[in-house]
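Order-wise, the sequence lines are chains S and W.
Just so we're aligned, residue 1 is where the first sequence starts under full-length UniProt numbering, counting upward by one.
Just so we're aligned, residue 1 is where the second sequence starts under full-length UniProt numbering, counting upward by one.
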Amino acid sequence: MSEPRTLLAIDHVSKNFGRVTAVDGISLDIRENEFFALLGPSGCGKTTLLRMLAGFETPSDGRILLDGRDIARTPPNKRPVNLMFQSYALFPHMSVRANVSYGLEMERLPASEIRSRVDAILATTELVAFADRKPEQLSGGQKQRVALARALVKRPRLLLLDEPLGALDKKLRGAMQLELKRLQHEVGITFVIVTHDQEESLVMADRMAVLRDGKLLQCDTPHTIYEHPADRFVADFIGVMNFVPGKAATDGVMAGNGTRIAGKVPASLSPGASAVASVRPERIRLFPSDETANRTTGTVEALAYHGLDLQLHVRSALSPKPFLVRVTADAADRRPVSSGDQVELGWDAADVRIFAE
Amino acid sequence: MAPALVWLTALMVVPCALVLALAFFRRGIYGGIEYTFTLENFGLVFDPLYAGIFLNSARIAGTAALIAVVIGYAAAYAIAAAPRRLQPVFLFFAVLPFWSNYLIRTYAWIVLLNREGLITQLLRWFGYTGEQPSMLYTEGAVIAGLVYNYLPFVILACYAPLSRLNPELAEASRDLGASALTTFRRVILPLTVPGIAAGAVFVFVLSIGNFVTPALLGGGRFQMIGNLVYDQFLTANDWPFGAALAMALIAIMLLVLMAQALAADRASGRAAEAKGDADG
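This is the structure:
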């Protein structure tokens, strides 16, 4: 693969609405041809950031560089960026074909070229049979594909997608996640997707940014963010995490009951400071060997069978909340456990992440 | 249902049937009614003199409807674009004049347009020294009166579809490369046509039969059908001809209303979809 090239540079961008700061000094780079996700809880500023990229809001401060050119004040109809709206915003008085042609007509392209490009994108998005229908005659999934086709046919440098799968039911959403990734590869356009669904961005994104209260917390690959979250919020927001509260020591965290959780302590944490040790459910083993660095005992409170794995809630003296433990179906078959059993839990120091509380 | 039916029969169907019946009789020599069947009255409606008044009324009503729609749509657009919590306030002020009497509102225009009226005084105050402009008792005064009186209807009729329009539709159009003007022409206007049509038809139908405004602001010099009907019943004492004119007027109104209802019926699917998208 060639060296990734920066397509869009967001440079210290802020947006204030009156006294409310929706986006607070965010800087991040989006690379050519990548699938990028802006992730965060509602009100984190991700939608405002997206609207600034589309041109519907002007930054209060900072620059937005597309191919090195500042587009922060360029009106939406003058930027090579298209947005797929959460509501799809299909024109209700136009057929599917007219909706998709609209953007090309604005470019004043010859009718023959418009026709061939629209035909091609309708084929790609499997909408040929619906070309003459009005939006009201389409299902949710079909409307979504029309919205996608209408934006893609413009061949934008950057395609923005605002919660593109939010309106679809769960089963369709899973299929569309893969479909969107396939399409992105096929058309070779950079996608920026806004979502509040961490699972969605883990599945789809090449890289993702986690936002909270208008600030950027972490920007990296899903794998790095999952394995090495930047802070306690990211650790909690992405995936599932078990937390053990306590005080920072030199080589771990002292839990409330005096047990030491071994792990690497970040340099920023001084000994004695409030800290939290954390471990992912799939890193915890049942009945660990004696060499395992961190061990505790607890009572199984609940079991949930998920096909591929078994999830246990284990009550332990270490933490006020029960531990969530994920055991493969194989392991569970070898040594069955049931509700009410006393079990021993163990995990390695290398799997412990320690954060300031 | 039943009380409404009685109400309608007593106050709408019966009076209309009586007027319709009247139109088929002859006028008595001394103004009374001679009960012999004739179609003469309807023939007279098509006499160039009276047909001309019909056409003139239609032209004045059409001009009033056009101006009212342009002003009313612009006002409704501005209200719909205002912050949500302020919109009811603006609508209230737009409709406020409506709560005063029609006659009083029309007299107010006499005060404004008079030779030494407010507009002349305002012009003088700005240093105008020329001849007093004669604005009252002109066709323009009649049209101004009609537009002013029916404007609130148009604002309400246009506001309804504009406020329901999903704002993301306009954004999508801009995003796809359309200018603000193209967005208006190709997205906003087509989706709000039902409101425009309803408002225009309303003004047209109410204006074409109006006789108070032409009488007061036109000074009797600009006869409309309403005045003609009024004259036949109260001055000329030709009730049968007045009835025939009234029937012709009602027929025109019904035709316009039916055309509008038909068009609205076809457009309602589109409007419903626009709303659905906004909710989604």
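Cβ atoms here follow ideal geometry from the backbone N, Cα and C, with glycine treated the same way.
Less than 9 Å separating the beta-carbons of S42/S and S14/S?
Taking the first sequence and counting its residues from 1, one reaches residue 42/S at position 42. Taking the first sequence and counting its residues from 1, one reaches residue 14/S at position 14. Against a cut-off of 9 Å, the Cβ pair of S14/S and S42/S comes out as no contact.
If we define contact as Cβ-Cβ less than 9 Å, is D175/W a contact residue for chain S?
As a first step, residue 175/W must be located in the second sequence, where it is residue number 175. Answer yes: the Cβ-Cβ gap between D175/W and chain S drops below 9 Å somewhere.
Can you tell me whether T235/W is buried or exposed? The criterion is at least 16 other CB atoms within 10 Å of its CB, across all chains shown.
Numbered from 1 along the second sequence, position 235 holds the residue referred to as residue 235/W. It counts as exposed.
Is the CB-CB distance between R232/S and V276/S below 9 Å?
Here residue 232/S refers to the residue found at position 232 of the first sequence. Here residue 276/S refers to the residue found at position 276 of the first sequence. Contact: yes.
According to the Cβ coordinates, are residue 408/S and S268/S closer than 9 Å?
Here chain S has residues from 1 to 357 only, and residue 408/S is not among them.
According to DSSP, simplified to helix, strand and coil, what is G210/W?
In the second sequence, the residue the question calls residue 210/W occupies position 210. The question names Gly, yet the displayed sequence has Asn at residue 210/W. Three-state DSSP puts N210/W in coil, outside helix and strand.
Would you say P164/S lies against chain W (beta-carbon separation less than 9 Å)?
Within the first sequence, residue 164/S is the residue found at index 164, counting from 1. So, not an interface residue.
Anything in the stretch 184-215 of chain W with a Cβ closer than 7 Å to a Cβ of chain S? List those residues in chain order, please.
The stretch 184-215 of chain W vs chain S, Cβ under 7 Å: V187, P190 and L191.
Between G218/W and V142/W, how many whole angstroms is the CB-CB distance? I'm expecting something under 8 Å.
Translated into the one-based positions of the second sequence, residue 218/W becomes position 218. Translated into the one-based positions of the second sequence, residue 142/W becomes position 142. Going by Cβ atoms, the distance from G218/W to V142/W rounds to 4 Å, so yes, they are a contact pair.
Verify the CB distance criterion: does A72/S have a CB-CB separation below 9 Å to chain W?
Stepping through the first sequence from its first residue, residue 72/S is reached at position 72. No, A72/S lies away from the interface with chain W (no Cβ there is under 9 Å from its Cβ).
Since A178/W meets chain S, which of its residues come closer than 7 Å, beta carbon to beta carbon?
Taking the first residue of the second sequence as position 1, residue 178/W is located at position 178. Correct list: N77 and M106.
For G280/W and chain S, any beta-carbon pair shorter than 9 Å?
Here the question's residue 280/W lines up with position 280 in the second sequence. Because the pLDDT of G280/W is 34, which lies under 50, any placement of that residue in the model is unreliable, and the question is left without a value.
Counting along the chain, where does the alpha helix (DSSP H) carrying K181/S start and finish?
The sequence position of residue 181/S within the first sequence is 181, counting from 1. K170 to V187 is the span of the alpha helix (DSSP H), which, as asked, contains K181/S.
Thinking C-alpha only, which one of A58/W, V14/W, I33/W and L169/W is nearest Q232/W?
By one-based count along the second sequence, residue 232/W stands at place 232. Ranking A58/W, V14/W, I33/W and L169/W by Cα distance to Q232/W puts I33/W first.
At a Cβ threshold of 9 Å, is L90/S touching chain W?
If you number the first sequence from 1, residue 90/S lands on position 90. Closer than 9 Å: yes.
The alpha helix (DSSP H) with T182/W in it runs from where to where?
The residue given as residue 182/W occupies position 182 in the second sequence. From DSSP, the alpha helix (DSSP H) with T182/W extends over A180 to T183.
Please confirm if E168/W has its CB atom under 9 Å from at least one CB of chain S.
The count along the second sequence starts at 1 and reaches residue 168/W at position 168. Taking Cβ atoms only, chain S reaches closer than 9 Å to E168/W, which makes this a yes.
List the residues that DSSP assigns as beta-bridge partners of G298/S.
Translated into the one-based positions of the first sequence, residue 298/S becomes position 298. According to DSSP, which records beta bridges pairwise, G298/S is partnered with S316/S and V343/S.
For the alpha helix (DSSP H) containing R121/S, list its first residue and its last residue.
Reading the first sequence from its first residue, position 121 is the one you call residue 121/S. Sequence inspection shows Ile at residue 121/S; the Arg mentioned does not correspond to that position. That run of the alpha helix (DSSP H) goes A111 to T124.
Identify the contact partners of L152/S in chain W, using a Cβ-Cβ distance below 7 Å as the criterion.
The residue you call residue 152/S lines up with position 152 of the first sequence. In chain order: nothing, as chain W lies at least about 12 Å away.
If I'm right that T192/W touches L169/W with Cβ under 8 Å, what's the distance once you round it to whole angstroms?
Start at 1 with the first residue of the second sequence, and residue 192/W comes out as number 192. Start at 1 with the first residue of the second sequence, and residue 169/W comes out as number 169. Actually they do not touch by this definition, with Cβ atoms about 11 Å apart.
Going by the CB atoms, is the gap between R133/S and S95/S shorter than 9 Å?
Indexing the first sequence from 1 puts residue 95/S at position 95. Indexing the first sequence from 1 puts residue 133/S at position 133. Yes, these two residues count as a Cβ contact at 9 Å.
Measure from the C-beta of A17/W to each C-beta in chain S and report whether the shortest distance is under 9 Å.
Looking up residue 17/W in the second sequence gives position 17. With 9 Å as the cut-off, A17/W does not count as an interface residue toward chain S.
M1/S CB to nearest chain W CB: under 9 Å?
For the purposes of this step, residue 1/S is identified with residue 1 of the first sequence, where counting begins at 1. Per-residue confidence for M1/S stands at a pLDDT of 49, beneath the threshold of 50, marking its modelled position as unreliable; the derived number appears in the next sentence. By this cut-off, M1/S is not an interface position.
Note down, in chain order, each residue of its chain lying with its Cβ closer than 7 Å to the Cβ of K181/S, except the 5 sequence neighbours on either side.
Here residue 181/S corresponds to residue number 181 of the first sequence, with the count starting at 1. Same-chain partners within the cutoff: F35 and M204.
If you count every other CB in all the chains shown that lies within 10 Å of the CB of G252/S, and 16 or more means buried, which is it?
As a working note, residue 252/S is residue 252 in the first sequence. Its Cβ being crowded by 16 or more others within 10 Å, G252/S is buried.
Runs of 3 residues minimum, wholly inside the stretch 82-166 of chain W: which ones carry the beta strand (DSSP E) assignment?
Taking only runs of at least 3 residues, no beta strand (DSSP E) segment lies wholly in the stretch 82-166 of chain W.
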